[in-house]
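Trainee: Numbering (this note's numbering), first residue to last: 19 to 338.
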């Protein structure tokens, strides 16, 4: 257990130092923070478009981070012949793979936590068709300042103390975004005190949790693919898995009655549409807690299956 935790910690530390991780994170922050202005192109559907775009951003960001992170911490280690240094110690290949998966999963969770908490506050104010009512200045100023301050503080630490810039920015963002989120739960869009968490959409929070579960499956697929494939092919595998899982009902579901192959594929490929509940929120319906528990069990079963496949692929992988 301690060996797995050590590998997880090392994987997390290595992954957040990758420049691509910070680039994707900053792009996600900008996309969500600027998303209220995109609704200028919508007619009477501003709030719906805002939530839909925000959830889509979380999902796509999760796919990108899972693919690039898994490739950087597993495939590159195999190609650089540093894997034997690790598994020659009293660490089995399954322990190594589970530790890597947990590290990749934590990387994605950090990303989703930062962007998801910001999305909850960005969507707290009802958007009307009047342009002057679009800006929630406490949210805009709070997160923009937190991002800029985190980067400046990391630059200071890098220049004077040789601390890694990328990982320092991520650590600073975790602290600063948490503080901003708590502060915004107490302040409304007019800079006035309000009851804690007033205006936050609990149903949107549940939807974000379901998206995180979906990205956990993508992390497992990325880890399995990276044991055999290069970065480009791992990325292609994750994108293919994401698209097939998202449109599983259309690709396989409607042919189940006439095709045995479609029936088998429909059952063995996770249906990611089950995690996409934004339509329920947009229709102002409630997501039952029992549904969340069912999806959690569904996720755990598929995670076990995908990781088992990953272990088989990794056990048969020859290393130098």
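Each residue gets a CB set at the ideal place from its N, CA and C atoms; glycine is no exception.
Taking just the CA atoms, how far does residue 43 sit from residue 236?
Mentor: 18 Å
Trainee: If you count every other CB in all the chains shown that lies within 10 Å of the CB of residue 33, and 16 or more means buried, which is it?
Mentor: buried
Trainee: Write down the C-beta distance between residue 12 and residue 293 rounded to the nearest angstrom, noting that I regard them as a contact closer than 8 Å.
Mentor: What the structure shows of the chain is the stretch from 19 to 338, and residue 12 is not part of that stretch, so it cannot be assessed.
Trainee: Tell me, to the nearest whole angstrom, how far the beta carbon of residue 75 is from that of residue 46; I am working on the premise that it is less than 8 Å.
Mentor: 6 Å
Trainee: Which partner residues does residue 205 have in the DSSP bridge list?
Mentor: 211
Trainee: Starting from the Cα of residue 303, find the closest Cα among 251, 20 and 220 and give me that residue.
Mentor: Measuring C-alpha to C-alpha distances from residue 303 to each of 251, 20 and 220 identifies 220 as the nearest.
Trainee: Within 10 angstroms of its Cβ, does residue 197 collect 16 or more other Cβ (buried), or is it exposed?
Mentor: exposed
Trainee: Leaving out the 5 sequence neighbours to the left and right, which residues in its chain are closer than 6 Å to residue 116 when beta-carbon positions are compared?
Mentor: 22
Trainee: Using a 10 Å radius around the Cβ and a threshold of 16 neighbouring Cβ atoms, would you call residue 332 buried or exposed?
Mentor: buried
Trainee: Identify the continuous alpha helix (DSSP H) that holds residue 242 and give its terminal residues.
Mentor: For residue 242, the enclosing alpha helix (DSSP H) begins and ends at 220-244.
Trainee: Figure out for me which residue from 191, 192 and 173 has the closest Cα to the Cα of residue 183.
Mentor: 173
Trainee: Using a 10 Å radius around the Cβ and a threshold of 16 neighbouring Cβ atoms, would you call residue 36 buried or exposed?
Mentor: The residue is buried, with at least 16 neighbouring Cβ atoms inside 10 Å.
Trainee: Once the 5 residues before and after residue 248 are set aside, which same chain residues still bring their CB inside 7 Å of it?
Mentor: The residues are 93.
Trainee: Curious, which full-length alpha helix (DSSP H) runs of at least 4 residues does the region 132-191 contain?
Mentor: 155-179
Trainee: Taking the continuous alpha helix (DSSP H) assigned at residue 34, which residues delimit it?
Mentor: 20-34
Trainee: Taking just the CA atoms, how far does residue 243 sit from residue 299?
Mentor: 34 Å
Trainee: Does DSSP put residue 275 in a helix, in a strand, or in coil?
Mentor: Here residue 275 sits in coil by DSSP.
Trainee: Would you call the region 117-131 in contact with the region 77-85, where contact means no fewer than 3 C-beta pairs closer than 8 Å?
Mentor: yes
Trainee: With residue 330 as the anchor, note down where its alpha helix (DSSP H) starts and where it stops.
Mentor: 307-333
Trainee: By how many angstroms is the C-alpha of residue 167 removed from the C-alpha of residue 240?
Mentor: 33 Å
Trainee: Tell me the residue span of the alpha helix (DSSP H) that contains residue 37.
Mentor: 37-56
Trainee: Tell me the rounded alpha-carbon separation between residue 253 and residue 215.
Mentor: 38 Å
Trainee: Should residue 24 go down as buried or exposed, given a rule of 16 or more other Cβ atoms within 10 Å for buried?
Mentor: It counts as exposed.
Trainee: So, with DSSP's three-state summary, where would you put residue 267?
Mentor: helix
Trainee: Once DSSP output is grouped into helix, strand and coil, what is the label at residue 66?
Mentor: Correct three-state label for residue 66: helix.
Trainee: Roughly how many angstroms lie between the CA atoms of residue 275 and residue 327, to the nearest whole one?
Mentor: 28 Å
Trainee: Of the choices 51, 120, 234 and 280, whose alpha-carbon is the least far from that of residue 319?
Mentor: 234
Trainee: At which residues does the alpha helix (DSSP H) containing residue 18 begin and terminate?
Mentor: The shown model of the chain, from 19 to 338, leaves out residue 18, and the question about it has no answer.
Trainee: How many Å lie between residue 195 and residue 114 at the Cα?
Mentor: 32 Å
Trainee: From residue 325 to residue 315, what distance separates their C-alpha atoms?
Mentor: 15 Å
Trainee: Just verifying my parser: in three-state terms, what is the DSSP assignment at residue 248?
Mentor: coil
Trainee: Quick test of your reading: residue 290 and residue 161, contact by CB under 8 Å. State the CB separation rounded to the nearest angstrom.
Mentor: Not really, about 28 Å apart at Cβ, beyond 8 Å.
Trainee: Look at the Cβ atom of residue 71, then the Cβ atom of residue 53, and state whether they are nearer than 8 Å.
Mentor: Judged by their CB atoms, residue 71 and residue 53 are nearer to each other than the 8 Å cut-off.
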